[in-house]
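Q: In my numbering, the protein residues as written are 12 to 362. We put the CB at the ideal spot given by N, CA and C, even for glycine. For clarity, every value in this text was computed on a predicted model and none was experimentally measured. Sharing a structure with you now.
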Amino acid sequence: MNIVLLVIVSVLLLLVPSGVSAEPDPSAVHTVQVVAARSREEALRVMKGLQRRGDSPFMLDIYDRQGILWHTVHAARFKNLRAAKVYAAKLSGKKGKSAVVLSLPEASFDNFRRRSETWMTEETDRNSSVAAKAPLLEKKVIQPPIVTANLIPEGGSRLSNQADISSRESHGRYIMANMGVFRTEKSSDDLNRDLTDHGFTANSSIDRTNLAWKLVGGYKFTQILGVEAGFVRMQKINTRIDASNTSGLVGEAARHAPLTMDGVIVEGVASWDVTPLFSLIGKAGGFLWRGKVSASGPGEQIIRRDDGVDFVFGVGADYDLWDRAWLRVEWERFLTPDGGDLVTAGLGVAF
């Protein structure tokens, strides 16, 4: 396999002018190599999958010294190296796929992309030759690869190797801090009905929307599936009740007023890439909570505490800022006794 990779590098070096520096070229074009396949059908399946993502892939055929033909598929050109790296990370996370970023000067990339003839080059130190046939703009394409780890031989080369990219899109650990608002489902009308059912004529008001935050850690097992666990805190919910008959009112108020909660949340997370930088997520899991209500009236105060485990689910969206950080906005529904919705925005960092 190393032979194949070195062969690929050798061919690409033919296209790079001898004066090119190893330093990043701001005018460079970046391409993501997705697969090196023994089977043309396999490479075509890969191309088809990329086309479905809105990409415009092309194929480069290379023979190794044993005369074995390898088909390499390249995704679209990227002017932005970060976008290319994020895209490669997403593709690498797909089952069976591997992807590497190659950076070439504009002129060399155009050669690399468009040449249709065959060229030969001598490897004098090994007394062997390499033949490569350039792009065939095929319209059919994909499956998972067998290759692409490190396209740069020891000592480096004039190509930029970005294979060691790491982000939340590939499997790994991350942490996230979110801030937002929690809105309890229980309204003042609900509370008034509860009090009326127990013999009180009352008029109540509830501050239903309050600040909330959460801190979570996560792990992605695959490109699509992962898990998150963390702590959620909702700020105090203030409730005011006015009634003509106050005897026993404090106890009933404590029993029926909405709880102020915090607790541990554990959720499974599924994500779907819309673009290389933007993805949608869905999540579901459990909320191990504890809650408290403090009710007070003339000469009386009652504190009610409660706890439980209830279902939680939600949806959201992620937008990549750079390789190891992204923004998230999400909505979650808590099926606790009072019920409620948590809407937050936050920053995630992979490590």
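Quick one: using the 10 Å Cβ neighbour count with 16 as the cut-off for buried, is N203 buried or exposed?
A: Classification for N203: buried.
Q: Roughly how many whole angstroms lie between the Cα atoms of L80 and E53?
A: Each residue's Cα considered, the two are about 13 Å apart.
Q: Measuring CB to CB, does V45 end up less than 7 Å from V97?
A: Cβ distance not < 7 Å, so V45 and V97 don't count as in contact.
Q: Determine the direct distance from the alpha carbon of G297 to that of V277, and round the result to whole angstroms.
A: Going by the C-alpha atoms only, they are around 6 Å apart.
Q: Would you kindly work out how many angstroms separate the C-alpha atoms of L288 and Y330, rounded to a whole number?
A: Straight-line Cα distance between these residues: approximately 6 Å.
Q: Determine the DSSP secondary structure at D218, reduced to helix, strand or coil.
A: Residue state, collapsed to three classes: coil.
Q: Could you tell me the distance, in whole angstroms, from the CA atom of K231 to the CA atom of S282?
A: The alpha-carbon atoms of K231 and S282 are separated by roughly 10 Å.
Q: According to DSSP, is A268 part of a helix, a strand, or is it coil?
A: It is coil, neither helix nor strand.
Q: Under three-state DSSP, which class holds S307?
A: Of the three classes helix, strand and coil, the one that applies to S307 here is strand, per DSSP.
Q: Taking D349 as the reference, which of D201, I314, V238 has the closest Cα?
A: Closest option to D349, Cα to Cα, is D201.
Q: Please work out which residues of its chain come closer than 8 Å, Cβ to Cβ, to V320, disregarding the five sequence neighbours upstream and downstream, and give them in chain order.
A: Same-chain partners within the cutoff: G297, F298, L299, W300.
Q: So, do the region 181–194 and the region 219–231 have three or more beta carbon pairs nearer to each other than 8 Å?
A: The region 181–194 is in contact with the region 219–231.
Q: What is the rounded straight-line gap between the Cα of A361 and the Cα of G262?
A: The straight-line gap from Cα to Cα measures roughly 48 Å.
Q: Rounded to whole angstroms, what is the Cα-Cα separation between T212 and Q312?
A: So the two alpha carbons sit approximately 20 Å from each other.
Q: Under a three-way DSSP split, which group does D273 fall into?
A: In this structure, D273 counts as strand in the three-state DSSP scheme.
Q: Does the distance from the CB of A328 to the CB of L291 come in under 7 Å?
A: A contact, by the Cβ cut-off of 7 Å.
Q: Which one of G302, S199, A265, R63 has the shortest CA to CA distance from M272?
A: Ranking the options by Cα distance to M272, first place goes to G302.
Q: When you compare the CB positions of D284 and K59, do they come within less than 7 Å of one another, or not?
A: Taking 7 Å as the Cβ cut-off, D284 and K59 do not qualify as a contacting pair.
Q: For D352, which of helix, strand or coil comes out of DSSP?
A: Looking at D352 - three-state DSSP - the assignment turns out to be strand.
Q: What does a CB cutoff of less than 6 Å around N214 pick up in its chain, not counting 5 residues either side in sequence?
A: So the qualifying residues of the chain are D253.
Q: If you follow the beta strand (DSSP E) that G240 is in, where does it begin and where does it stop?
A: The question names Gly, but residue 240 is Ala in the sequence shown. 236–245 is the extent of the beta strand (DSSP E) around A240.
Q: List the endpoints of the continuous beta strand (DSSP E) containing N189.
A: Start and end: 183–195.
Q: Applying the 10 Å Cβ sphere with the 16-neighbour rule, what's the burial state of A356?
A: So A356 counts as exposed.
Q: List the residues that DSSP assigns as beta-bridge partners of I314.
A: According to DSSP, I314 bridges with S305.
Q: For H209, count the other beta carbons within 10 Å of its own beta carbon; 16 or more makes it buried, fewer makes it exposed. Which is it?
A: Looking at its Cβ environment, which holds fewer than 16 other Cβ atoms inside 10 Å, H209 is exposed.
Q: So R88 is in the beta strand (DSSP E); what residue range does that whole segment cover?
A: Per DSSP, R88 belongs to the beta strand (DSSP E) from 80–89.
Q: Once the 5 residues before and after G191 are set aside, which same chain residues still bring their CB inside 7 Å of it?
A: Contacts found: A223, L353, V354, T355, A356.
Q: Which of helix, strand or coil does DSSP assign to T207?
A: Here T207 sits in helix by DSSP.
Q: Going by Cα to Cα distance, which pick from Q234, Q62, E341, H267 is closest to R251?
A: Minimum Cα distance to R251 is reached at H267.
Q: Residues bridged to E364 by DSSP?
A: For residue 364 there is no data in the structure shown, the boundaries of the chain being 12 and 362.
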